[in-house]
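Chemist: Before I ask anything, here is the structure I am working with.
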Amino acid sequence: MTNGTAEQTGKAAELKEQLADVFAYTNKVLDMISKKDITKEEAAWITKETVDNFREHVNPGFLAYRKSVTKDGQFAAVEWKDSGLNCFMDVHGKEYIDCLGGFGIYNVGHGHPKVKQAVIDQMNRQALHSQDLLDPLRAILAKILADVTPGALKYAFFANSGTETVEAALKLAKMYSSRTTFIATTRAFHGKSLGSLSGTAKGVFRKPFLPMIPGFKHVHFGDLDMMRKTMEACAMTGEDVAGVIVEPIQGEGGVILPPDGYLKGLRQLCDEFGALLIFDEVQTGMGRTGKLFCCEHYDVVPDILCLAKAFGGGIMPAGAVVATEEVFKSFFPNPFMHTTTFGGNPLACAAAIATFNVLIEENLPARAAELGDYMLKGLREAAADHGDLVLEIRGLGLLIGIEFHTDEIGYEVSKGLFDNGVLVAGTLINAKTIRIEPPLTITYEQADRVIAEFKKVLGQIQL
Ligand SMILES: *Cc1c(COP(=O)(O)O)cnc(C)c1O
0 MTNGTAEQTG
10 KAAELKEQLA
20 DVFAYTNKVL
30 DMISKKDITK
40 EEAAWITKET
50 VDNFREHVNP
60 GFLAYRKSVT
70 KDGQFAAVEW
80 KDSGLNCFMD
90 VHGKEYIDCL
100 GGFGIYNVGH
110 GHPKVKQAVI
120 DQMNRQALHS
130 QDLLDPLRAI
140 LAKILADVTP
150 GALKYAFFAN
160 SGTETVEAAL
170 KLAKMYSSRT
180 TFIATTRAFH
190 GKSLGSLSGT
200 AKGVFRKPFL
210 PMIPGFKHVH
220 FGDLDMMRKT
230 MEACAMTGED
240 VAGVIVEPIQ
250 GEGGVILPPD
260 GYLKGLRQLC
270 DEFGALLIFD
280 EVQTGMGRTG
290 KLFCCEHYDV
300 VPDILCLAKA
310 FGGGIMPAGA
320 VVATEEVFKS
330 FFPNPFMHTT
340 TFGGNPLACA
350 AAIATFNVLI
360 EENLPARAAE
370 LGDYMLKGLR
380 EAAADHGDLV
390 LEIRGLGLLI
400 GIEFHTDEIG
410 YEVSKGLFDN
420 GVLVAGTLIN
430 AKTIRIEPPL
440 TITYEQADRV
450 IAEFKKVLGQ
460 IQL
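Take 0 as the starting number for the sequence shown in numbering that gives the first Met the number 0 and just add one per residue.
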């Protein structure tokens, strides 16, 4: 203000007057954000604001859809803070063991101190990059990725989300191959922006937005024979395949593991037909399945690897596409062929570098393998007498799916677990398979509690 002219000062006051209510509202909320603890009255206020504003300004559909995270029909569950690495707390102070893990973003836990510190330190120095000078953390993170990823994967492009990494992978494959056909699989999930949605398989999410980008085909996941036939047909018709995109284990599709030899077979087919193999490890990467990257279980190296979700350590939104030099060099002559303003920003890179540090230091992939075996066994034992409810429990590492006979049963189980302080993914319209994907830092005691609550809830269900 001291430097402003009288006219500017007057204008500022004018805006403050015009938007006095908004200004007061922002002040109140900023004050609340800065608080370590909130009072009962404040919790009630936040709950009311949240529910009202979801109804009026976000999307009332969420209030109905998220019924499973509601006790007795009240819209009461409003999250507020982390509670240790593996739990979070709602505004009323109720703690939940997080077995949803933000659909796999909390591999190193909620607010891991080392990741948090790296981001705070970087923020205090420089939050975002100039866009013009060379930013050091981008370069360093790219080198780390080359070192930790298998095979000849070497160059990285950074993005802010999973869907953006898939978009980048598709453009890279087109640029490299000058081909336009892609093959994805049934039950695949690659994101919801138009390019990645073309690879995503779920009809309800695609239908209103048809046509998708041209050249996308879907083949049944696991069916190598059909994949060969489709690639043959594409070659015969001159619509050669640029790339085959798959999740090594399908996450959103319900934790579907590939049949024996499937991924190796895809690698061979891609080599035979000159197509690129793109692995979408947005959910399976970063230690989730018991190895740093899921493809390592199957000894298959893709040409392009997509990472996001846990890549930012549960603190920053971040993603990366890593490719071989052979493929990535098609972006060398003009690096502006695919860019993003915020992708690979210093905060995201600091978070990702710290995340690798923590994954290595705490040996979290091995921990995921160990705890995953333990939970899989425990959950199966808990469901042993409930074959009428549970169809199958499967998984690898801490990516576990529990498949029920119907959506209704799954919904009742996820609701029951939620009431007992365990959050799992399971919504009103999609609960036939619920996913258990807690932070890889989950303790044995917490795993035991999850298993015990699961057993208890199964026992209470009346068909
Ligand atoms: C979640 C997910 C995506 C999309 O990531 P967003 O960050 O939500 O865009 C893509 N692929 C897979 C395998 C995912 O699980």
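Cβ atoms here follow ideal geometry from the backbone N, Cα and C, with glycine treated the same way.
#1: Of all the CB atoms in chain B, is at least one closer than 8 Å to the CB of VAL77?
#2: With H, G and I counted as helix, E and B as strand and the rest as coil, what does DSSP make of LEU153?
#3: Using DSSP's beta-bridge definition, name the partner residues of GLY242.
#4: Can you pull the DSSP bridge partners for HIS217?
#5: Are the CB atoms of GLN445 and ILE96 nearer to each other than 8 Å?
#6: Which word fits PHE331, buried or exposed, when buried means at least 16 other C-beta atoms lie within 10 angstroms of its C-beta?
#7: Rounded to whole angstroms, what's the CA-CA distance from ARG287 to PRO364? Just pull it up for me.
#8: State the beta-bridge partners of SER82 as determined by DSSP.
#9: With DSSP collapsed to three states, give me the class of GLU166.
#10: Would you kindly work out how many angstroms separate the C-alpha atoms of PHE215 and TYR443, rounded to a whole number?
#11: Kindly provide the ranges of any beta strand (DSSP E) runs that are 3 or more residues long and lie completely inside the stretch 282 to 342, ordered along the chain.
#12: Reducing DSSP to helix, strand and coil, say where ALA76 ends up.
#13: Pick from GLN282, PRO247, ILE139 and GLY252: whose alpha carbon is nearest that of ARG266?
#14: Using only the heavy atoms of ligand 1, determine whether one of them is closer than 7 Å to the beta carbon of ALA307.
#15: Would you mind working out which of ALA200, ASP239, LYS39 and LYS113 sits nearest ARG311, comparing C-alpha positions?
#16: Specify the secondary structure class of TYR473 as computed by DSSP and reduced to three states.
#17: With DSSP as the reference, label MET0 as helix, strand or coil.
#18: Quick check on the DSSP output: what are the complete beta strand (DSSP E) runs of length 3 or more inside the stretch 354 to 422, in order along the chain?
#19: With contact counted as at least three CB pairs below 8 Å, one residue from each stretch, are the stretch 365 to 373 and the stretch 397 to 417 in contact?
#20: On the criterion of 16 or more Cβ atoms from any shown chain inside 10 Å, does ARG124 qualify as buried, or is it exposed?
#21: Nearest-angstrom Cα distance between ASP222 and LEU262?
#22: Please state whether the Cβ-Cβ distance between THR180 and GLY190 is less than 8 Å.
#23: Is THR236 close to ligand 1? I mean its beta-carbon at under 7 Å from any heavy atom of the ligand.
#24: Between which two residues does the alpha helix (DSSP H) holding ARG205 run?
#25: Would you kindly check if the distance between the Cβ of ASN333 and the Cβ of LEU127 is under 8 Å?
#26: Could you tell me the distance, in whole angstroms, from the CA atom of PHE403 to the CA atom of ALA347?
#27: Quick one: is ASP447 buried, meaning 16 or more other Cβ sit within 10 Å of its Cβ, or exposed?
#28: Considering only heavy atoms of ligand 3, does any lie closer than 7 Å to the CB of SER160?
#29: Quick check: what's the CA-CA separation for ASP196 versus GLU251?
#30: Are SER413 and ILE433 closer than 8 Å when you measure CB to CB?
#31: Under a three-way DSSP split, which group does GLN470 fall into?
#32: How is ILE433 classed by DSSP in three states: helix, strand or coil?
#33: Check the DSSP bridge columns for ALA158 and list the partner residues they point to.
#34: DSSP has ILE255 in a bridge; who is on the other side?
#35: Grab me the residues of MET226's own chain with a C-beta within less than 8 Å of its C-beta, minus the 5 sequence neighbours each way, in chain order.
#36: Anyone know if the C-beta pair for VAL240 and PHE272 falls short of 8 Å?
Modeler: From the atom records:
#1: Absent from the structure: chain B. Only one protein chain is present.
#2: It is Lys, not Leu, that sits at residue 153 in the sequence shown. In the structure shown, LYS153 sits in a strand (DSSP, three-state: E or B).
#3: In the DSSP output, where bridge partners are listed per residue, GLY242 has PHE181 and LEU275.
#4: DSSP lists ALA183 as partners of HIS217.
#5: Against a cut-off of 8 Å, the Cβ pair of ILE96 and GLN445 comes out as a contact.
#6: Exposed.
#7: Going from the Cα of ARG287 to the Cα of PRO364 covers about 7 Å.
#8: The partner list for SER82 (beta bridge, DSSP) reads CYS86.
#9: Reduced to three states, the DSSP call for GLU166 is helix.
#10: Straight-line Cα distance between these residues: approximately 44 Å.
#11: Within the stretch 282 to 342, the complete beta strand (DSSP E) runs of at least 3 residues fall at 303 to 306 and 318 to 323.
#12: In the structure shown, the three-state DSSP call for ALA76 is coil.
#13: Ranking the options by Cα distance to ARG266, first place goes to PRO247.
#14: Checking every heavy atom of ligand 1 against the Cβ of ALA307, one is found closer than 7 Å.
#15: For the sequence presented, residue 311 should be read as Gly rather than Arg. The shortest CA-to-CA distance from GLY311 to any of ALA200, ASP239, LYS39 and LYS113 is the one to LYS113.
#16: Residue 473 is absent from the model: the chain starts at 0 and stops at 462.
#17: Any answer about MET0 is weak, because its pLDDT of 46 lies below 50 and its placement is not dependable; what the coordinates show is given next. Residue state, collapsed to three classes: coil.
#18: Segments of the beta strand (DSSP E) lying fully in the stretch 354 to 422: 389 to 395 and 398 to 403.
#19: Proximity of the stretch 365 to 373 to the stretch 397 to 417 meets the contact definition, three or more beta-carbon pairs being nearer than 8 Å.
#20: Residue environment for ARG124: exposed (fewer than 16 other C-beta atoms within 10 angstroms of its C-beta).
#21: Taking the straight line joining both Cα atoms gives about 11 Å.
#22: If you check the CB distance, THR180 and GLY190 do not come in under 8 Å.
#23: The answer is no for THR236.
#24: Looking at the DSSP string, the run of the alpha helix (DSSP H) that includes ARG205 is 202 to 205.
#25: A distance of 8 Å or more separates the beta carbons of LEU127 and ASN333.
#26: Note on geometry: alpha-carbon atoms of PHE403 and ALA347 lie some 38 Å from one another.
#27: Burial call: exposed.
#28: Because ligand 3 does not appear in the structure shown, any question about it cannot be addressed here, the ligands present being ligand 1.
#29: One point to set straight first is that residue 196 is Leu, not Asp, in the sequence displayed. C-alpha separation (whole angstroms): 13 Å.
#30: It is a contact, given that the beta carbons lie within the stated cut-off.
#31: Residue 470 falls outside the range modelled here, since the chain spans only 0 to 462, and no answer is possible.
#32: If DSSP states are grouped into helix, strand and coil, ILE433 belongs with the strands.
#33: BP columns for ALA158 point to GLY318.
#34: Answer is GLN249.
#35: Hits under 8 Å: ILE182, VAL218, VAL243, GLY264, LEU265 and LEU268.
#36: For the 8 Å CB-CB criterion, VAL240 and PHE272 form a contact.
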